[in-house]
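Numbers -21 to -1, 1 to 81, taken from mature numbering (1 follows the signal peptide of the UniProt record, and there is no 0), label the letters of the sequence shown in order.
Report on one structure; see the data block that follows.
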Amino acid sequence: MKQLLIALALGGLMTAGLAQAASGPELAKQYNCLACHSVDAKLVGPSYKQVAAKYKGQDVTAKLMQKVKAGGSGSFGAIPMSPNPQVPDADLKQLVAWILAQ
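In structure tokens, the structure reads:
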């Protein structure tokens, strides 16, 4: 019985951890993306809606993940985007999926 209670408690903790995964907006805030981007208005860089519209219907997740990691310019004008190599791939994939869903 004691082992069953321990297993149930551990299962509950693991489920709670999954439920606390950061959302796209939380990741954008956490990694300071919102300093240059917003959902629906151009700031320093394009809005996320502009990015989603440009790449609508294209399989560009890997391309955009690389673009965020390496930085660069030219896709939306001459202003360069700073590289962000510190963003873990799992977070980056979720963030890019959220951006493309705008």
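No residue lacks a Cβ here, since even glycine has one placed at the ideal position from N, Cα and C.
query: Coil, strand or helix - Gly24 by DSSP; result: coil
query: Three-state secondary structure (DSSP) of Gly51; result: strand
query: Beta-carbon gap between Val75 and Thr40 smaller than 7 Å; result: yes
query: C-beta atoms of Val18 and Tyr10 nearer than 7 Å; result: no
query: Ile58: first and last residue of the uninterrupted alpha helix (DSSP H) it sits in; result: Neither: Ile58 is in no alpha helix (DSSP H) and is coded neither H nor E.
query: Contacting residues, own chain, Cβ-Cβ under 7 Å from Leu22 (five flanking each side not counted); result: Cys15, His16
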